[in-house]
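Chains as they are written, first to last, in our numbering: chain A, 15 to 126; chain B, 216 to 327. Just so it is clear, CB atoms sit at the ideal spot from N, CA and C, and this is done for glycine as well.
Quick look at the structure:
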């Protein structure tokens, strides 16, 4: 059981480019959560997805950010037209039900 | 004021010392999580507890629901315990328990 896999581990983007962050949940987990860790701040909830459904995206910035969890394949967090303030560590977690979270290793996004 | 407060922010110890990290929260919770994050690394779930005490190896977590306070103890600390320890409150607000509220973390450094 490979755990929650996130890739890439590190991602560098120039301002205005798009960033795509991938999260493959643990086998048997159908609930995926994305969190963002800004420098010097705690983790903050962004979005909660189940297969093909966004359950709660109340923590997502209103513009440029989107997330999906298709029937096949990993969950994707997409940031369009990145800005310096998007530089952060993005973690995803998965669970079989809405308890028992397993976290991934995170993607560190740097916008230059 | 953050809904989840941790103390201390930074902690330096000598190998073998007994470590205590504290977490106070102001929200109603269904569970309290303790997480470990190594520098540049991923997040590992250490404990999820809703009452009493849990023990895993040299780690002990306790919670006092009435006082809204939890502690993480490390016995016989070792340099490999050096990491950031994060507590996270799982709210009991009707169906949104996945919106964990995180503390800012305690950076523990254990010197040999």
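Bounds of the beta strand (DSSP E) holding residue 279(B) are 274-279. Among the CB atoms of chain B, none fall inside 8 Å of the CB of residue 35(A). Following the DSSP letters along the chain, one finds residue 89(A) inside the beta strand (DSSP E) bounded by residues 89-93. When C-beta distances to chain A are compared with 9 Å, the residues of the region 295-318 of chain B below that value are 301, 303, 305, 310, 311, 312, 313, 314, 315, 316, 317, 318, in chain order. Taking 8 Å as the cut-off, the Cβ atoms of residue 305(B) and residue 239(B) do not count as close. Non-local beta-carbon contacts of residue 85(A) in its own chain, meaning distances under 8 Å to residues more than five positions away in sequence, involve 65, 66 in chain order. Under the DSSP assignment, residue 96(A) falls outside any beta strand (DSSP E); it carries neither an H nor an E label. Contact check for residue 22(A) against residue 116(A) fails: the beta carbons are separated by 8 Å or more. The beta carbon of residue 271(B) sits closer than 8 Å to the beta carbons of 261, 262 from its chain, once the five residues preceding and following it are set aside; these are given in chain order. The closest CA to that of residue 124(A), considering only 19(A), 17(A), 30(A), is found on 30(A). The criterion of a C-beta distance shorter than 8 Å is not satisfied by residue 250(B) and residue 323(B).
Within a 10 Å sphere around the beta-carbon of residue 109(A) sit 16 or more other beta-carbons, which makes this residue buried. Beta-bridge partners of residue 220(B) (DSSP): 239(B). In chain order, 252, 320, 322 place their CB closer than 6 Å to the CB of residue 299(B), counting only its own chain and leaving out the 5 sequence neighbours on each side. Per DSSP, the unbroken beta strand (DSSP E) holding residue 81(A) starts and ends at 79-82. Distance check between residue 289(B) and each of 327(B), 280(B), 220(B), 228(B) places 228(B) closest, using alpha-carbon atoms only. Pairing residue 118(A) with residue 18(A) gives a Cβ-Cβ distance under 8 Å.
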